[in-house]
Amino acid sequence: MLKCHPVLFSTYHIPRRSRNPSLAVLCTILVTSTALLSTILSQNENNSPPAKSTNTPLPSTQQNPLPAPPPITTKKGLLARLGTQPDWSRLDDYQSSITRTEFQRLLQHNYLQNDQSADLLIEVLDDRARILKQSNHPAAGYYDLLFLPATTDPAKLPPEVPRYWTPAWKLRAPLQRSKPLSDLHIVIDPGHIGGDFAQVEERWYRIGKNTLPITEGDMTLKVAKIMRNNLTALGARVTLTRTEAQPVTSLRSKDLTTEARKWLTRLPGSRKPSSYKLQHTAQRLFYLSSEIRTRAKLINQQLKPDLVVCLHFNAEAWGNPKKPDFVEKNHNHILINGCYSQNEIKEDDERLELLLRLLQRTYYYELEMASEVANAMSRSTGLPPYTYTGDNAKSVNDNPYIWTRNLLANRIYLCPVVFLEPYVMNNRQVHARVQSGDYPGIQKIEKKYRLNIYQEYADSVTTGLVNYFKKHRN
Ligand SMILES: [Zn+2]
Numbered sequence: 002m003l004k005c006h007p008v009l010f011s012t013y014h015i016p017r018r019s020r021n022p023s024l025a026v027l028c029t030i031l032v033t034s035t036a037l038l039s040t041i042l043s044q045n046e047n048n049s050p051p052a053k054s055t056n057t058p059l060p061s062t063q064q065n066p067l068p069a070p071p072p073i074t075t076k077k078g079l080l081a082r083l084g085t086q087p088d089w090s091r092l093d094d095y096q097s098s099i100t101r102t103e104f105q106r107l108l109q110h111n112y113l114q115n116d117q118s119a120d121l122l123i124e125v126l127d128d129r130a131r132i133l134k135q136s137n138h139p140a141a142g143y144y145d146l147l148f149l150p151a152t153t154d155p156a157k158l159p160p161e162v163p164r165y166w167t168p169a170w171k172l173r174a175p176l177q178r179s180k181p182l183s184d185l186h187i188v189i190d191p192g193h194i195g196g197d198f199a200q201v202e203e204r205w206y207r208i209g210k211n212t213l214p215i216t217e218g219d220m221t222l223k224v225a226k227i228m229r230n231n232l233t234a235l236g237a238r239v240t241l242t243r244t245e246a247q248p249v250t251s252l253r254s255k256d257l258t259t260e261a262r263k264w265l266t267r268l269p270g271s272r273k274p275s276s277y278k279l280q281h282t283a284q285r286l287f288y289l290s291s292e293i294r295t296r297a298k299l300i301n302q303q304l305k306p307d308l309v310v311c312l313h314f315n316a317e318a319w320g321n322p323k324k325p326d327f328v329e330k331n332h333n334h335i336l337i338n339g340c341y342s343q344n345e346i347k348e349d350d351e352r353l354e355l356l357l358r359l360l361q362r363t364y365y366y367e368l369e370m371a372s373e374v375a376n377a378m379s380r381s382t383g384l385p386p387y388t389y390t391g392d393n394a395k396s397v398n399d400n401p402y403i404w405t406r407n408l409l410a411n412r413i414y415l416c417p418v419v420f421l422e423p424y425v426m427n428n429r430q431v432h433a434r435v436q437s438g439d440y441p442g443i444q445k446i447e448k449k450y451r452l453n454i455y456q457e458y459a460d461s462v463t464t465g466l467v468n469y470f471k472k473h474r475n
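Each step along the sequence shown adds one to the number in the numbering used here, with nothing skipped, and position 175 is 176.
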């Protein structure tokens, strides 16, 4: 049986704060006629002045030579760390592929941190979205994304859009009971690097001399390997972005000092950075930016999977890693991509990445998948949901475990990404469970029989994914 297209089955709960009367007024003011708009846009595009009236005779160049045209100035655009200049023609394939209503709803409901986040950067007009190409240099012009005219025919699906991944409802092979994940390519991304790099990436602590250190990158790799076995047995093709505690990128912080200096002095009036700041930034460029961008290249250009599962363990602030603070809190949450701040949307490459995700409708798939995984994890782990109190994440449905947040990995891996953040690493019980290692079967830990923490994590995510695909594939 053919399942509903997610556009039709997805349920929204539009939050109050996403209602935006100012936008409608803006649209009315801005669009007086398409012809006028086209003229304005083409002028902006070419960065040229309006044509002069032909009624006035032009002066002879011999008698009165024309002044030389001003030199064409190019200004470096604002980009995310180690980002590259956006190629706006990547949106050409998405022309007339989304209605104005759906575009605006996705933008406001999921992608914008608040109603003003995209002001002057992405303007929703009557028949098109008008996207500033370079936020710090409006003379570079706009990209016009035309909307699909609205239809009243409920059976008419939106046109296909290019994406390298296959949504569940389009998988060709019908659901097999014993292999519900056949035909799927799943990438597992074990978060961080671990091993010798765990201290550099600040995902490490140790208490006492005779205990195992807690290193997130090694823990995520253990979960990834168990999950690979689970998913393969259920019919999926599975690839890990890394299989050892080594970086995927070939760059190290010493190779990124120049980039770090450029980053720290990119804004006018920036002060010369201290050598500590420079080194710290170069390190972050290595283990976060370069590492994740290299994994993204592998995913988007070679592997082209149907989904990526990013594995992480959460933590509360632990202070000195050699004398950490333990906390009573232990929780879980799952991130999908969204909630872009104005400063993030001002970065030209990030603006294009937001639009590519929006136009590929990854939100619908991520939301459904994350909800199934959250429900399965809640049943298996018993962890309560984590609640964000700042404005860097927002809730988009009734599931208290699901938050939308803009992270590098869930933005630039260009397919549905489910980003997991269960267990607080500096919670006493989690520490005790890590000390117990990856024992077989079940063991009594603090009065309760439990699987080892890695197996519990891997099995619960597997169950969630199976539930999702059983529900949504043919
Ligand atoms: Zn992490």
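We put the CB at the ideal spot given by N, CA and C, even for glycine.
Separation of residue j from residue i, as counted between CA atoms
{"i": "S97", "j": "K471", "result": "32 Å"}
{"i": "V435", "j": "N111", "result": "36 Å"}
{"i": "N475", "j": "L408", "result": "32 Å"}
{"i": "P385", "j": "A433", "result": "19 Å"}
{"i": "Q303", "j": "Q135", "result": "29 Å"}
{"i": "G209", "j": "L360", "result": "51 Å"}
{"i": "S179", "j": "N230", "result": "15 Å"}
{"i": "L265", "j": "L232", "result": "43 Å"}
{"i": "D399", "j": "D116", "result": "21 Å"}
{"i": "E245", "j": "K263", "result": "32 Å"}
{"i": "V462", "j": "M370", "result": "10 Å"}
{"i": "L466", "j": "A234", "result": "13 Å"}
{"i": "F314", "j": "N331", "result": "11 Å"}
{"i": "V32", "j": "N376", "result": "Reliability fails at V32, whose pLDDT of 30 lies under 50, so the model's placement of it is uncertain and no value is given."}
{"i": "I30", "j": "Q430", "result": "Confidence at I30 is low in this model, with a pLDDT of 28, below 50, so its placement is unreliable and no value can be given for it."}
{"i": "A459", "j": "T152", "result": "44 Å"}
{"i": "A81", "j": "D349", "result": "8 Å"}
{"i": "I99", "j": "L149", "result": "5 Å"}
{"i": "V309", "j": "I187", "result": "6 Å"}
{"i": "Q343", "j": "L185", "result": "36 Å"}
{"i": "S381", "j": "L452", "result": "10 Å"}
{"i": "W404", "j": "I443", "result": "32 Å"}
{"i": "Q280", "j": "Q86", "result": "25 Å"}
{"i": "A174", "j": "K157", "result": "24 Å"}
{"i": "K448", "j": "Y277", "result": "47 Å"}
Top-ranked residue by Cα proximity to residue i, from the options
{"i": "M378", "options": "I454, T167 and I346", "result": "I454"}
{"i": "E161", "options": "W319, N301 and K171", "result": "K171"}
{"i": "L289", "options": "K77, L83 and F420", "result": "L83"}
{"i": "T102", "options": "G195, T259, P159 and Y366", "result": "P159"}
{"i": "Y364", "options": "E348, V374 and V397", "result": "V397"}
{"i": "D120", "options": "T390, Y341 and G442", "result": "Y341"}
{"i": "L368", "options": "N393, S381, L336 and R358", "result": "L336"}
{"i": "I215", "options": "R451, A156, Y469 and K323", "result": "K323"}
{"i": "L79", "options": "P139, S90 and G383", "result": "P139"}
{"i": "L107", "options": "R358, P401 and I443", "result": "R358"}
{"i": "D88", "options": "I132, Q109 and F104", "result": "I132"}
{"i": "V479", "options": "F104, P191 and S118", "result": "Nothing about residue 479 can be read from this structure; the chain reaches only from 2 to 475."}
{"i": "Y389", "options": "G383, S381, P401 and R380", "result": "P401"}
{"i": "A318", "options": "F420, Y144, Q114 and M426", "result": "M426"}
{"i": "Q109", "options": "P274, S381, G339 and E422", "result": "G339"}
{"i": "R243", "options": "T85, W166, G195 and G442", "result": "G195"}
{"i": "R476", "options": "V249, R272 and Y95", "result": "This structure cannot settle anything about residue 476, because the visible part of the chain is limited to 2 through 475."}
{"i": "D128", "options": "L146, N137, L122 and S437", "result": "L146"}
{"i": "K223", "options": "R238, R207, E202 and H193", "result": "H193"}
{"i": "R406", "options": "P248, R91, L92 and L113", "result": "L113"}
For residue j and residue i, believed in contact at Cβ under 8 Å, the rounded distance
{"i": "T251", "j": "F287", "result": "Residue 251 is actually Ser in this sequence, not Thr. Going by Cβ atoms, the distance from S251 to F287 rounds to 10 Å, so no, they are not a contact pair."}
{"i": "I189", "j": "A141", "result": "I189 to A141, Cβ: 40 Å. No contact."}
{"i": "N301", "j": "E373", "result": "At roughly 25 Å, the Cβ-Cβ gap does not stay under 8 Å, so N301 and E373 are not in contact."}
{"i": "C311", "j": "A410", "result": "5 Å"}
{"i": "A297", "j": "A261", "result": "Not quite, the Cβ-Cβ distance comes to about 20 Å (not below 8 Å), so this is no contact."}
{"i": "N333", "j": "P423", "result": "4 Å"}
{"i": "W166", "j": "P417", "result": "7 Å"}
Coil, strand or helix - residue i by DSSP
{"i": "V328", "result": "strand"}
{"i": "I293", "result": "helix"}
{"i": "E447", "result": "coil"}
{"i": "V201", "result": "coil"}
{"i": "R267", "result": "coil"}
{"i": "F420", "result": "strand"}
{"i": "Q177", "result": "coil"}
{"i": "L146", "result": "strand"}
{"i": "D399", "result": "coil"}
{"i": "V249", "result": "coil"}
{"i": "P50", "result": "Caution applies to P50, whose pLDDT of 33 falls short of 50 and renders its modelled position unreliable; the model cannot decide the point."}
{"i": "V224", "result": "helix"}
{"i": "D190", "result": "strand"}
Minimum Cβ-Cβ distance from residue i to chain D less than 9 Å
{"i": "P325", "result": "Of the protein chains in this structure there is only one, and it is not chain D."}
Please list, following the chain, all residues that have a C-beta closer than 5 Å to any non-hydrogen atom of ligand 1. Cβ-based neighbours of ligand 1 within the cut-off: G192 and H313.
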